[in-house]
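Undergrad: In the working numbering, the protein residues as written are 1469 to 1702.
Note that the Cβ used here is the ideal one computed from N, Cα and C, for glycine as well.
Keep in mind it's a predicted model, so treat the numbers as computed, not measured.
My questions will all concern the structure given below.
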C-alpha cells in the first residue's frame, strides 16, 4: 500500500513540473567547450518528432535535428567565432529543451606570406592550417595582380597557393580571410624598387597680350602717262 502511495506521489510531481524542467536533461551539446568557429554535436533524447529544431545565438543558423534511433534526434553545426557562453533551445512535440555551451577565446591565426620582399611582377606564396579553427578562403591585397587562392592541400589541415604582385614598388597590406568571413588577419610585404613620386604640378605662365598686327604698307596709286605740252608742227 505504501509503495502505491509513493508511486502516485511521484507521478503527481512529474505532472505538475513544466515541460522545460522535464526536458532539462534531454538536450546535450558536445563538446561543452569548443574553440572559436569549431563544430559541436547536439543530441536530444526523448524526442521522436521529425520537426525538432535547435537554436542558439552561438549558431550561425537554426539546426534541424534528424531522427537517429528510438526517441533520439541529433545534428551538428559550426559555432560562432566570438568567445562566450551561449544558451541552446530545442523544441520537439510542443516541448522546450535547454542546454548551453562555451566558445573559447580564438587562438591567433597561423598563416604565412613569403617572400616578404619581392621583385616587381614576381610571385608570392601564402598559406596556413586549420588548427586555429579557420579554413582559409583567400588572401587579398592591392599589391596583388589577383587574389591569392588556396589551390594546394596537405597533411594536418594545411593549405597554400600562389599569386603574382603588381609592378609598382612600395609596401602593401595583405589580408587573410577565413571561410565564411568569420575572421581576418593582416600583414605587410614590400615590392622592391623606388616608389613613384607624385609629379609636381607646374602651372603654365599666363599668356601675355596678343601682339598687335603689323600695319599694312601704303600702296601709292600710279599716275597718268606723261604728255607733252607743245603745239602742232606746221
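1. Identify whether residue 1595 lies in helix, strand or coil by the three-state DSSP scheme.
2. In the DSSP assignment, the beta strand (DSSP E) including residue 1552 goes from what residue to what residue?
3. If residue 1654 sits next to residue 1636, beta carbons under 8 Å apart, how far is it from one beta carbon to the other, in whole angstroms?
4. Return the CA-CA distance between residue 1541 and residue 1535, expressed in angstroms with no decimal places.
5. Measure the C-alpha to C-alpha separation of residue 1585 and residue 1658 and round it to an integer number of angstroms.
6. For residue 1648 versus residue 1628, is the C-beta distance shorter than 9 Å?
7. Assign residue 1624 to one of three DSSP states: helix, strand, or coil.
8. For residue 1592 and residue 1543, what's the separation of their Cα atoms in angstroms?
9. Can you tell me which of the three DSSP states residue 1600 falls into?
10. Whether or not the segment 1559–1573 and the segment 1516–1523 are in contact is what I'm after, with contact meaning three or more pairs of Cβ atoms, one per stretch, closer than 8 Å; do they touch?
11. Can you tell me whether residue 1648 is helix, strand or coil according to DSSP?
12. Following the continuous beta strand (DSSP E) through residue 1540, name the residue where it begins and the one where it ends.
13. With distances taken between CB atoms, is the gap from residue 1520 to residue 1547 smaller than 9 Å?
14. Please determine, among 1613, 1625, 1494, 1555, the residue with the shortest C-alpha to C-alpha distance to residue 1600.
15. Determine which residues share a DSSP beta bridge with residue 1643 and list them.
16. Taking C-alpha atoms, which residue in 1567, 1574, 1549, 1632 lies nearest to residue 1589?
17. Which residues share a DSSP beta bridge with residue 1567?
TA: On the basis of the supplied data:
1. The residue given as residue 1595 occupies position 127 in the chain shown. Here residue 1595 sits in strand by DSSP.
2. Indexing the chain shown from 1 puts residue 1552 at position 84. 1552–1560 is the extent of the beta strand (DSSP E) around residue 1552.
3. Residue numbering aside, residue 1654 sits at position 186 when the chain shown is read from its first letter. Residue numbering aside, residue 1636 sits at position 168 when the chain shown is read from its first letter. That belief does not hold up - the Cβ atoms of residue 1654 and residue 1636 are roughly 19 Å apart, past 8 Å.
4. As a first step, residue 1541 must be located in the chain shown, where it is residue number 73. As a first step, residue 1535 must be located in the chain shown, where it is residue number 67. Answer to the nearest angstrom: the Cα atoms are 4 Å apart.
5. Here residue 1585 corresponds to residue number 117 of the chain shown, with the count starting at 1. Here residue 1658 corresponds to residue number 190 of the chain shown, with the count starting at 1. Computed Cα separation, rounded: 5 Å.
6. For this step, residue 1648 is matched to residue 180 along the chain shown. For this step, residue 1628 is matched to residue 160 along the chain shown. Going by C-beta atoms, residue 1648 is not nearer than 9 Å to residue 1628.
7. Taking the first residue of the chain shown as 1, we reach residue 1624 at position 156. Helix.
8. Numbered from 1 along the chain shown, position 124 holds the residue referred to as residue 1592. Numbered from 1 along the chain shown, position 75 holds the residue referred to as residue 1543. So the alpha carbons of these two residues sit roughly 41 Å apart.
9. Taking the chain shown and counting its residues from 1, the one referred to as residue 1600 is at position 132. If DSSP states are grouped into helix, strand and coil, residue 1600 belongs with the helices.
10. yes
11. Locating residue 1648 in the chain shown gives position 180, where the first residue counts as 1. It is helical.
12. Taking the chain shown and counting its residues from 1, one reaches residue 1540 at position 72. Looking at the DSSP string, the run of the beta strand (DSSP E) that includes residue 1540 is 1540–1546.
13. By 1-based counting over the chain shown, the position of residue 1520 is 52. By 1-based counting over the chain shown, the position of residue 1547 is 79. Contact flag unset, no.
14. By one-based count along the chain shown, residue 1600 stands at place 132. Of 1613, 1625, 1494, 1555, the residue nearest in Cα terms is 1625.
15. Indexing the chain shown from 1 puts residue 1643 at position 175. Answer by DSSP bridge pairing, in chain order: 1608, 1654.
16. In the chain shown, counting from the first residue as 1, residue 1589 sits at position 121. Among 1567, 1574, 1549, 1632, the Cα nearest to that of residue 1589 belongs to 1632.
17. Here residue 1567 is taken as the residue at index 99 of the chain shown, counted from 1. 1556.
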